[in-house]
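Asker:
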Amino acid sequence: MMATCLYVSKCTLLQIHLGRQVCSRFLVASKLLHGNQLHTHSLNCHRISTSARVRWWCSAVCAVTPRSGLLCLVGQYRHGVFLLPTRTLVSGLQLPPLPSTEELMKKHGCLRRVFKSRIKNKYILDPALAAVVVDHLGDLSENKRWIFELNPGPGVMTRELLAAGASRILIVENDRVFLPYSMALAKHVGERLHVKYADFFRIDPLGDGVVKQPAISSVELFNKVQPAHWKEEAVVRVVGMLSQEKEKTHLRHMCYRVLERSSLFEYGRMELNLFITEKVYNMITAPPGVDLVVYESTSILCQACFDIQLLLKEPNSRFLPVQVKGKTSYKHKANADRFVNDHMCLVRLTPKATLFDQGLTPQNGSQFIFLVRQLMAKPRAKLTDRMEIWVPGSLNILSDLGLRPDMRAGDLSPTQFMKLFLLLLKSGSFHNTWWEEEAYEQIHSINNRAA
Amino acid sequence: MTLILRLTSVRSFRATIPTLGPSVGLGSVWFGGCPTCNKLRTAARYQNTVGFRTYANVAAQKKDPRVELYTVLSSRAQQLSKPEKGEGVRQRQKKQEILKKRKVSSHVRLEPVMSSLHSAQQTHAQRSLSSKSNINVYTTNEVENKQTSQRNGSTPQWQTSHKKPFRSTPRVAESIVEEELDVIEEAEEEDAHEKIARRQEEIEKMKNMERRQNEEQAYILSFMEACVSIGEVDRATRTLHHLKSQKKRRKHLNADIYNVVMKGWAKQANMDKIRHLFYMMTKDGLHPNLQSYAAALECMGRAGLTGGVPIRCVKQMYKEGFNLEDIFRDCTFQVDEQEYILKAIQDGCGMADFTPPLLPPPQRCTTDLVSSIYADESSDNHRDESLQVQPLFTEDEVIQRCNTQLEMETQHWLKVESVEGQRQSSQEVLKLRELLQTHKTMWETGLLQAFRTLKKQMDRQSKAKGQLNIYPFLCVLEDQEYVDMMVQAICLVAVTGDPLLIIARDLGMKIQQKYRIKQKLQSGSVEKIGQIYQDYCSFMVNNNQGGKPGQARELWCQLEGEQGVGPVVGDEGAWPINLIINLGSLLVDAMVREVKIDNNLFRKTSEQKLIPALYHMYTYRNIKQVGIIKPHPMLVQLVEGAQDTNLVFDSSLLPMLMPPVPWSSIKKGGFLLSPTKLMRSNDATLQHELLLEKVGTSELYPILDSLNQLGACAWKINQPILDLVIRVFNNKGSKELDIPQPVSEAPTFPKLGTEILTNGDKQAMRKQMAQVRKLRSEMHSLRMDMLYKLSIANRFRHEIFYFPHNMDFRGRVYPCPPHFNHLGSDVARSILVFAEGHPLGEKGLDWLKIHLVNLTGFKKKNSQMERLQYANEIMEEILDSADNPMTGRKWWMTADESWQALACCMEIASAVRSPNPQAYISHFPVHQDGSCNGLQHYAALGRDITGAHQVNLMPADSPQDVYSGVARQVEKLRALDAEQGVKVAQVLDGFIKRKVVKQTVMTVVYGVTRYGGRLQIQRQLKDIPDFPQDYVWEASGYLVKKVFMSLREIFTLAREIQDWLTESARLISHVGSAVQWVTPLGLPVVQPYHKVKNKLVRNEMQNIILNVSSDTSERPDIIKQKNAFPPNFIHSLDSTHMMLTSLHCQQAGIQYVSVHDCFWTHACTVDTMNRICREQFVALHNQPILEDLSKYLLEEYGTLPSELQTSPAAVSKHEKLMEVLVDVPPKGEFDLKRVLDSTYFFS
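Line by line, the protein sequences give chains A and B. Each step along the first sequence adds one to the number in my numbering, with nothing skipped, and position 247 is 247. Each step along the second sequence adds one to the number in my numbering, with nothing skipped, and position 102 is 553.
1. Output the distance between the C-alpha atoms of B:Gly948 and A:Asn396, rounded to the nearest integer angstrom.
2. Please tell me whether A:Gln226 has its Cβ less than 8 Å away from any Cβ of chain B.
3. Per DSSP, which residues does B:Pro1266 bridge with? Please list them.
4. Please work out which residues of its chain come closer than 8 Å, Cβ to Cβ, to B:Gln697, disregarding the five sequence neighbours upstream and downstream, and give them in chain order.
5. Pull up the CB-CB distance for B:Ile792 and B:Leu748, whole angstroms please, since I reckon it's below 8 Å.
6. Starting from B:Ala1165, follow its DSSP beta bridges and name the residues at the other end.
7. Check the Cβ-Cβ distances between B:Gln1602 and every residue of chain A, and say whether any is below 8 Å.
8. Straight-line CA distance for B:Phe1576 to A:Thr298?
9. Could you give the first and the last residue of the continuous alpha helix (DSSP H) run that contains A:Thr350?
10. Is it buried or exposed, B:Ser822, if we count other Cβ atoms within 10 angstroms and call 16 or more buried?
11. Take every Cβ of the segment 274-294 of chain A, pair it with every Cβ of the segment 346-361 of chain A, and state whether three or more of those distances are shorter than 8 Å.
12. Leaving out the 5 sequence neighbours to the left and right, which residues in its chain are closer than 6 Å to B:Ala1333 when beta-carbon positions are compared?
13. Considering only DSSP beta bridges, list what A:Leu310 is partnered with.
14. B:Gly897 lies in the alpha helix (DSSP H); which residues open and close that run?
15. Going along the segment 231-262 of chain A in order, which residues come within less than 7 Å of chain B, judged by CB to CB distance?
16. Between which two residues does the beta strand (DSSP E) carrying A:Cys110 extend?
17. What are the residues that DSSP puts in a beta bridge with B:Gln1379?
18. Check for me: the beta strand (DSSP E) holding B:Lys1119 runs from which residue to which?
19. Determine whether the Cβ of B:Tyr1482 lies closer than 8 Å to any Cβ atom of chain A.
20. Buried or exposed: which applies to B:Ile1329, given that a residue is buried once 16 or more other Cβ atoms fall within 10 Å of its Cβ?
21. Would you be able to state if there are at least three C-beta pairs under 8 Å between the segment 1441-1451 of chain B and the segment 1412-1429 of chain B?
22. So what's A:His229 in DSSP terms, helix, strand or just coil?
23. Using alpha carbons as the reference points, say which of B:Met1669, B:Phe1693, B:His1541, B:Ala1599 lies closest to B:Cys1609.
24. Looking only at its own chain, which residues have a Cβ that is under 8 Å from the Cβ of B:Asp735, when we skip the five neighbours before and after it?
25. In whole angstroms, what is the alpha-carbon distance linking B:Asp1481 and B:Lys1075?
26. Counting only the same chain and skipping the five closest in sequence on each side, list residues whose C-beta sits under 8 Å from that of B:Ser1349.
27. Does the distance from the C-beta atom of B:Gly430 to that of B:Asn1574 stay below 8 Å?
28. Sort out for me which residues DSSP pairs A:Trp146 with in a bridge.
29. Taking Cβ-Cβ distances below 9 Å as the criterion, which residues of the segment 953-985 of chain B are in contact with chain A?
30. Determine, for B:Gln529, whether the minimum Cβ-Cβ distance to residues of chain A falls below 8 Å.
31. So A:Leu193 is in the beta strand (DSSP E); what residue range does that whole segment cover?
32. Taking the beta strand (DSSP E) that B:Gln1527 falls in, what are its first and last residues?
33. Of all the beta strand (DSSP E) runs that stay within the bounds of the segment 1517-1559 of chain B, which reach a length of 3 or more residues?
34. What does B:Ile1062 touch in chain A if you count any residue whose Cβ is under 8 Å from its own?
35. Which of the three DSSP states, helix, strand or coil, is assigned to A:Arg408?
36. Apart from the five residues just before and just after A:Arg408, which ones in its own chain have a Cβ nearer than 8 Å to its Cβ?
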């Protein structure tokens, strides 16, 4: 084995601005090198605070094998003479060069600033940001798990993922324009990277019955994945951004699929790491009964289905295209606060392992959705009124749950909804009524629309 | 503007001044003679920033008999002028009482000093103070002019009034009038002119109904009207006060709203209230209009007031620029209103000789095209005497049937026996029927109670605060009627659930309809109408089809004049949509809460309890969340199982028993009582109506007359066919014969298993489910539609009946009853025949045979002789079909229009078998169909020789078929492509048939887009079994391109015209207007496509969002305006052609009916009709249609709206528009006259 030594900097100490996580990755990498019995010279990280800023001083020499590339230096050179790239990936096999951000923006209209127009996807073109994101995803170097990367665009994130040691990546790209980038990358990396032209959010459409690209059937997308049991650890990690149009709708449909355990969730639990807008994040994490405009049926379904974990919050301006919105003037200041939308939030949505433990089954999942949506269509209506019209005699069920009689539908928490539903199931109120069929039909016609 | 304030104390005066704002600053104040005046004067000085001039005791010095009257009036007025709010109210009331005790009344009048007012007016004002009326009286030189003119004229009404002494105040009034006139005359001359001009403008406005545009106003107005109609004028007044006190609502108040309330008080002869309302109005800065004065006069008439008050009122009227004749010309009256107004004028004012002006003599229509029809002497009446037939009814029958019709409409609905219920019902069905009946009674009691509670609650709400709510609308009908409506609605909810919006709207509409009928009944003119109707009918029946066009209309007007029916209330009382929906959803809410069903109806499972039968829930089937009302499956099962024997129809959905009321103006016609619109429009679009009103009734005579002609056609049922259809229908329908099957025949839903399905299975199941669902609901609606049709036909089985007609905004004519009419499907057409019969005559039988072959569609490319020959060849088959329709060889079933073919077979059979076929009396309608009528008009417009040849404008030996022509052309292009190796072209080899391109060619004229055409072709290709299905999508795309190309080649000039029209429409709508034009027959057309506006209707049950696309205040929808203009324009032309043919057919005395571009008549008169049809086509296209259009558009859109003149984009677009409009497409060489000889033009 020939070891290539790479001398990065003889220089003493460079003043580099680094994120904490990046630095820790640095340390991990150096450890890895140790493990590979390669020569590592020195790696020092210091933290000193000059004035108000936190800065890291660091110097490093790294070595790499021909097959596995390793980062050599991260950061931004600030005042010195050397102008190091923000992040250099050195590999035996040279990865295709990535054009600069400016060039990309020139070439692809969909990356340029948009004024008020609807955008479909947002992209990360800033390697530093990509690195940060990858850092937050946790350990990626495990061999077993697939990583689905959604709409990577030119592939900045993909490079980071590769650098972080991901071994099986499937790129699901819904824009033909960017396919060549991913293809080129896949050629270099070989088995570690697969590319598919598909739209992850238009999975399993019904429509005419013909799946037209970029819509895709789950069977095709998951053909390389071994289905896992629900309780097992997630087999696939999905990384990407929620499609910018109809974010809420896509999230809701994810919930439907979890509750029915259909489509992609037939293959076990998926870990979804998605960038969503702050507004939607606030929606899915809204507490019950506080703000009934924000707290809606989708929030309940999301909270019932997923463990929601916020990983990262980044300002909108770091994603391309930057959407320049016309000024929306809110009449009340409260509304302006309620709908802050300055950041993108990276959230991890993991379907709850215990979801189907208490009586919920994939068969009656649609009924639960139906119940939630019907009740939350009028969140301010008194719960008892609504319930009495549908299920006469459900008052005692409500009192069994310990719900106050004057409670509004929007005051129930997701767990309470679930409990209510299970009790109603048990009492047989739904059995053999129009309810069952209607619920099934409705939810399915919705799924139909999702395509 | 005159402000009259009556103040009771200094403090209230002080309090009032600031609220009056700047208008007072200009004012002058007069204080009446009373002890408190000194105080007031000081207060006024104190408050005064600009000089108030005080005139105290002026009145007191004058000893006038009317002063006494006035004091009485004013003290009474004080009592009623209750202050509005809380504490202040009580305080003021106390003070009033104190004042009353002291017998003191103080008056302050504030009047802004107009710049043009000089000393003369002040003196005048002083004088008028002497009259001390709170209806202020002025008189203008207008009055003077009037007087002089009348003095000189033949009817010296005013003069005689001088001679006639007043009852209570002899002579005084007269002298004062004279005096005042002298003083004011000169000073006010200019001012008065201005005022008169303004008034006239306002009258115009009033006529235009523009006030209705504002929905909020319409709501308030409807509320007031409803209140008044239920006799709660008090509530109306209270609400008026309440609204006035609200800043937001105040601005919506207008004179009409006041007028309605005033009218209510006038009915009760309560002059004080009216006076107060006048006062409120002027205080709000509203001008009383003609109707206000009419109400005041009416009230005076009722109260029997004479002397000063009515005189002053009239004088003020003149001063405001109205005159008495206007009242009778422009106002609408009910019952005896007119009489009382007349009384007030004749007795009250002492103008005994005053008579209401006569209606202006009907004007002549000036359109050139129809000048021959309306010529005075129609000496050469081509009427065929042989066509004279026996009248359809005897005198007695006429009277009886008229009464039945009137009764039916009074009742508003009619129970019709369902044809489904006719068959033997099993034990089970009977049991279910009984169950349903018990449930219905249960619902009725429950609903009645709920309804009463609701009413009470609303009553309280509106009474307590004077709020504007739904209460009066819950009172306009009897409680039981509402409940009946609700119970009916329960059984009609579709299995899959109906949107709340639709159910609520239907309910609301029904209530509105019934309310309007009730109002008409209340207005008391029903007997008169009934009498007129009888006279009219007996005349029409005896003289059917024979008359001159316009006769029916003139006759009606004449009869109306004789009976002395003035202008009646038109369509104005329409409720705004939010009101209708709110009203409906309140009832639906009650239904959802109250309607219960026994849960053990069909199976015994648990303890018996009542569960809701209707559910309000939300569905997400469409993109939006839609609230629907869903019936419990058990309810559906019950209703379906019981096979209800009765269907209930509104009388406006049924044919009429006697000829419909002729359209004599744009508001009157159609049904007797049920409101009918001349021009159909969705929502409450007013733009068409406004446009029609602008044109004036006389210019619309040809259009009205042709509608009348079409409506006057008598129909009857072809009973053997009806029996057959009903038999097939009750025998589970038939797919082949196009009789819809019951839902029970539909595939059922796949069962939901408990086992966990695999992914693929689930998907397949979902797909299946969606398909089944769609299929079932389609089948259900088709089945119901047919059931309605057949039941109505069955109900009128032995009757002779009529369809009133109206038109859409392009002038296309439709019968009003929607379910069963001759415009319907093959089945509906086959069961209708003319009630009048004519002997077949020489050529009649041949025409019948040709008609039969036409119906089969077998010999499209053959000449008429060949068709006739073919019919003779297959005579045996025809007779067999006629004799054994269901058991024989069933030749008729192979025809395109099988049921009509069968009917025709039967007619031929009986004609052939009659001893003398020529004398056989035939009732059968024979059709003549335009071959691709849209393209015919295009070809004629462009004088396009090739095009004209293709669509049979040119005489030819055999009919030309444009579809085959296009198919040939496409095939040529395809062959070229195939040679060059285009894959799709090669695949399509041998598949390009006439049928594939037919629909697209046909619809291209009507503006089908590439996408739509592609779908049509795709459907056709899918039906071809041999065609490789993988290529369908690609091939359809390829073909549609080629079809468009070929059409362009064949109809070059037509496409040029279409492009010109499209481009003009695009630019017009870009500049910001809706496209508008006038047909050669003078019908104004405007395209009602505007940007969709979402309108939120809030109510407790659920907020409903309406998409309104016809709001004229929105910008036009450019794409729709542009794409729809060419087809709409062509439609307006074909409707013109149809109307012209109709008018001339009437003149020729032949029966004529149309289904757009398919003209029907008796077999013996086909030739006459064909001649007229061709003549009229030539006459129509001899008009410079496109040039006229260009001229009209230039005039209409020649000037850019001022607000757009600043925008350079709009200006450049406008310039471009002008260029395009001037550039009328050129014409070809085609000689129009040749159409006259073309056999296959309409065949």
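Just so it is clear, CB atoms sit at the ideal spot from N, CA and C, and this is done for glycine as well.
Answerer: Result, derived from the coordinates:
1. When the Cα atoms are used, B:Gly948 and A:Asn396 turn out to be separated by approximately 29 Å.
2. It does not: the Cβ of A:Gln226 has no partner Cβ on chain B nearer than 8 Å.
3. Beta-bridge pairing links B:Pro1266 to B:His1256.
4. Cβ neighbours of B:Gln697 beyond the five flanking positions: none.
5. Contact flag correct, Cβ pair sits at about 5 Å.
6. In the DSSP output, where bridge partners are listed per residue, B:Ala1165 has B:Tyr1253.
7. No, no contact with chain A.
8. Using only the alpha carbons, I get a separation of about 44 Å.
9. Element bounds for A:Thr350: not the alpha helix (DSSP H) but the beta strand (DSSP E), 343-351.
10. Per the 10 Å Cβ criterion, exposed.
11. Between the segment 274-294 of chain A and the segment 346-361 of chain A there are three or more inter-stretch CB-CB distances shorter than 8 Å, so the stretches are counted as touching.
12. Excluding sequence neighbours, B:Ala1333 sits near Cys1356, Met1357, Ala1360.
13. According to DSSP, A:Leu310 bridges with A:Val347.
14. Secondary structure note for B:Gly897: its alpha helix (DSSP H) is the uninterrupted segment 878-916.
15. Within the segment 231-262 of chain A, the qualifying residues are Ser262.
16. Note, A:Cys110: premise wrong, no beta strand (DSSP E); not H, not E.
17. The partner list for B:Gln1379 (beta bridge, DSSP) reads B:Phe1610.
18. Unbroken beta strand (DSSP E) run through B:Lys1119: 1119-1121.
19. No, no contact with chain A.
20. Result: buried.
21. At 8 Å Cβ cutoff, the stretches touch.
22. In the structure shown, A:His229 sits in coil (DSSP, three-state: anything other than H, G, I, E or B).
23. The shortest Cα separation from B:Cys1609 among B:Met1669, B:Phe1693, B:His1541, B:Ala1599 belongs to B:Phe1693.
24. Closer than 8 Å at the Cβ level, and outside the excluded window around B:Asp735, lie Lys695, Arg701, Leu704.
25. Spanning the two alpha carbons is a distance of roughly 34 Å.
26. Only Leu1188, Asp1189, Asp1277, Trp1343 meet the Cβ criterion.
27. Summary: the structure shown does not reach residue 430 of chain B, with chain B confined to residues 452 through 1694, and so no result is reported for it.
28. DSSP lists A:Val236 as partners of A:Trp146.
29. Hits within the stretch: zero.
30. Confidence at B:Gln529 is low in this model, with a pLDDT of 45, below 50, so the placement of that residue is unreliable and no value is reported for it.
31. Counting along the chain, the beta strand (DSSP E) containing A:Leu193 begins and ends at 193-197.
32. Note, B:Gln1527: beta strand (DSSP E), 1527-1529.
33. Taking only runs of at least 3 residues, the beta strand (DSSP E) segments lying wholly in the segment 1517-1559 of chain B are 1527-1529, 1535-1537, 1544-1548, 1555-1559.
34. For the C-beta of B:Ile1062, the chain A residues within less than 8 Å are, from N- to C-terminus, Pro392.
35. For A:Arg408, the secondary structure class from DSSP, reduced to helix, strand or coil, is strand.
36. Scanning its chain for C-beta atoms nearer than 8 Å, with the 5 sequence neighbours on each side dropped, one finds around A:Arg408 the residues Gly289, Leu292, Pro379, Arg380, Ala381, Lys382, Leu383, in chain order.
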